[in-house]
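Read the structure below first, then the notes.
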Amino acid sequence: DVDVRPYAARAVRVRCGECLLRDVVVQEDMVKLNHLHEVGVLDNLKRRYAMDDIYTYTGGILIAVNPFKAMGHLYDEHMMGMYRGGKLGDLS
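Note that this note's numbering has the sequence shown beginning at 23, numbered continuously upward.
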């Protein structure tokens, strides 16, 4: 358990799992996260993975999470054509 004091209010005891310093919004580029720390990064990757978004950027660094299943929609001719000749972030 953790004691949390929200601004001037009195302290409240909450479970650690309920006390989150992270965005609830999923970001394709994690540089855009309000809190770029381990918990925020892992939560963002987990949420993107759940949506079959296995590729995530942190600035110019690409992070890929192994989906352990076929991801044909990511590698068809249409998708490859969209990225061919494009710059980082063009399809965001």
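Idealized CB from N, CA, C, for every residue including glycine. Owing to the predicted nature of the structure, the values given are computational and were not obtained by experimental measurement.
Within the continuous alpha helix (DSSP H) that includes LEU64, where are the two ends? Here the alpha helix (DSSP H) through LEU64 covers 60-72.
Anyone know if the C-beta pair for ASP23 and VAL34 falls short of 8 Å? For the pair ASP23 and VAL34, the CB atoms are not nearer than the 8 Å cut-off.
DSSP state of LEU55, grouped into three classes? Here LEU55 sits in coil by DSSP.
Evaluate contact between the region 47-56 and the region 67-86, counting only Cβ atoms and requiring at least three cross-stretch pairs below 8 Å. yes
So, LEU67 versus ILE83, is the Cβ gap smaller than 8 Å? no
Tell me whether TYR77 sits in a helix, a strand or coil according to DSSP, three-state version. Correct three-state label for TYR77: strand.
On the CB-based measure, 16 or more other CB atoms within 10 Å of its CB, does ARG70 come out buried or exposed? buried
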